[in-house]
Amino acid sequence: MPWGLKRYQQTRQLHFVTFSCYHRKPLLADPQARDIFVQTLETVRRWYGFWLVGYVVMPEHVHLLLSEPESKDLALVLQMLKQMVSRNLRPASAKSPFWQARYYDFNVWSEEKRVEKLRYIHRNPVKRGLVERPEDWLWSSFHHYLTGEEGVVEIESHWTATRRETQGIFPTVRLREPA
Numbered sequence: 008m009p010w011g012l013k014r015y016q017q018t019r020q021l022h023f024v025t026f027s028c029y030h031r032k033p034l035l036a037d038p039q040a041r042d043i044f045v046q047t048l049e050t051v052r053r054w055y056g057f058w059l060v061g062y063v064v065m066p067e068h069v070h071l072l073l074s075e076p077e078s079k080d081l082a083l084v085l086q087m088l089k090q091m092v093s094r095n096l097r098p099a100s101a102k103s104p105f106w107q108a109r110y111y112d113f114n115v116w117s118e119e120k121r122v123e124k125l126r127y128i129h130r131n132p133v134k135r136g137l138v139e140r141p142e143d144w145l146w147s148s149f150h151h152y153l154t155g156e157e158g159v160v161e162i163e164s165h166w167t168a169t170r171r172e173t174q175g176i177f178p179t180v181r182l183r184e185p186a
C-alpha cells in the first residue's frame, strides 16, 4: 500500500469504492463488456456475502457502494472481481493490464453520506452525457431503486427489505472476530 494511504475496514460501515480501467481507457465502452461486469459482480457478491447498495459501470471506471464481506477483506473481494472481469474481457494478445492498480475507498458513516454517494453513482452517466436520465443507463442500480424490480445483481434497498419481511426473512449481521 502506498505510504500515507489509510483504509478503515472492519468498521461495519458501507464503502464507496471507485476503480478504473488501465490509463482510463474505455475498456467497458461496449454494452456486452458492461453486461459481463455486472454478471461477474453478482457472482462475486454471492461468493463473498456482501451487500451491494448501489453501483454504476461506466465506460472507463466503476463505482460501488457496498458492505464489507462476511468472511474476507474488501481488498480480496475487489481483487477477485477485477481478475475475473479482466480474464473474461482482456484479449490474450493484450500487453497492458485491464485495470489500474489499487482503488479509491471512502467510508460512508452516515445516512446523509449514503444518500449523497448513491445519488452521485446514479447521476454519473447523466453528468458524463451518456444518457439524458439516470433510468436510461442500464448498467446501474438506479432502475432497481425506481421500480423495485430485481435485476442481475441483488441490491440491498428498502424494496429488498420489504420483500424479505413479507416472506418472514429477517437477516442478521454476523460479526467477525478481530484478527
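In the numbering used here, the protein residues as written are 8 to 186. All C-beta atoms, glycine included, are put in the ideal place defined by N, C-alpha and C.
In terms of Cβ geometry, P33 and E67 form a close pair [threshold 8 angstroms]. Here K124 is buried. Its C-beta has 16 or more other C-beta atoms within 10 Å.
The alpha-carbon of L153 is positioned some 31 angstroms away from that of W106.
Membership of L72 in the beta strand (DSSP E) is indicated by the continuous run H68 to L73. By the neighbour-count criterion, in which 16 or more other beta carbons inside 10 Å mark a residue as buried, W116 falls on the exposed side. A distance below 6 angstroms between beta-carbons, with the five flanking residues on each side excluded, links G61 to the following residues of its chain, in chain order: L72, L125, I128 and S148.
Straight through space, the alpha carbons of H150 and I162 are spaced by roughly 11 angstroms.
N114 has its alpha-carbon roughly 6 angstroms from the corresponding atom of F23.
In this model, Q86 and V63 are separated by some 18 angstroms (Cα to Cα).
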